[in-house]
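Peer 1:
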Amino acid sequence: MPTIGYAPGAFDMFHIGHLNILRRASKECDHLVAGVVTDDVLLKVKGRKPVIPFEERLEIVRNIRCVAEAITDRYEDKFRMWEHLRFDVLFKGSDWRGTARADALERKLSAVGARIRYFSYTTHTSSTLLRQRISLPSPSMLGELEPGPT
């Protein structure tokens, strides 16, 4: 039986951390499904909407070579995605490990013979860091904002 892997994520402002997790996940399964989380779920879970619209994020992920299939993920609870896909392994970043949600999901998945595989989080690049960089004015902009001589 082929191993089905599932890698859910926002994939907002697609960056090297996203690519790393998808590449690594594809090497550990026969068929990698990437679930792109909807804007509504992101708003519930993270308290903010993504920068990149859902349809664009889905299209970007759909065109990543190591992804066999990209689908819409409408659920906060990833066990609901297991009920649809019956994946063998769920791939997540290590920043998720040890959280109450992760522990509960591990128990549920274990009961049906599935597991979670954690990959090291890419600390130097994340969507959160990119958001922060984008919102900070550049040094050249700061110079433009300073009042000139009167």
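Position 61 (the sequence shown) corresponds to 61 in the UniProt record's numbering; numbering is contiguous. Beta carbons: idealized from backbone N, C-alpha and C, even for Gly. Note that the structure is a prediction, hence the values are computed from the model and not measured.
Just to confirm my understanding: we take leucine 42, look at its own chain, exclude 5 residues before and 5 after, and list those with CB closer than 8 Å. What are they?
Peer 2: If we look at leucine 42 and ignore the five residues flanking it on each side, its Cβ neighbours are Ala10, Asp12, Arg48, Lys49 and Pro50.
Peer 1: In terms of DSSP beta bridges, what is glycine 9 paired with?
Peer 2: Answer is Val36.
Peer 1: Taking the straight line between their C-alpha atoms, what separation do you get for glycine 17 and arginine 23?
Peer 2: Between glycine 17 and arginine 23, the C-alpha separation is close to 10 Å.
Peer 1: Since proline 2 and histidine 31 should fall inside the 8 Å C-beta cutoff, what is the C-beta to C-beta distance between them, to a whole number of angstroms?
Peer 2: Right, the Cβ-Cβ distance comes to about 6 Å (below 8 Å), so this counts as a contact.
Peer 1: Once the 5 residues before and after alanine 102 are set aside, which same chain residues still bring their CB inside 6 Å of it?
Peer 2: Trp96.
Peer 1: Buried or exposed for lysine 92, going by 16 or more other Cβ atoms inside 10 Å?
Peer 2: Per the 10 Å Cβ criterion, buried.
Peer 1: Kindly indicate which residue of His15, Glu28, His84 and Thr38 has the alpha-carbon position closest to the one of glutamate 55.
Peer 2: Minimum Cα distance to glutamate 55 is reached at Thr38.
Peer 1: Just reading off the beta strand (DSSP E) that aspartate 103 is part of, what are its end residues?
Peer 2: Not the beta strand (DSSP E): aspartate 103 falls in the alpha helix (DSSP H), residues 100-111.
Peer 1: I think leucine 90 touches leucine 109, with their Cβ atoms under 8 Å apart; what is that distance to the nearest whole Å?
Peer 2: Between leucine 109 and leucine 90 the Cβ distance is about 7 Å, and since that is below 8 Å, they are a contact.
Peer 1: Quick one: is arginine 57 buried, meaning 16 or more other Cβ sit within 10 Å of its Cβ, or exposed?
Peer 2: It counts as buried.
Peer 1: Under the three-state reduction of DSSP, which class applies to lysine 92: helix, strand or coil?
Peer 2: Note: lysine 92 maps to strand in three-state DSSP.
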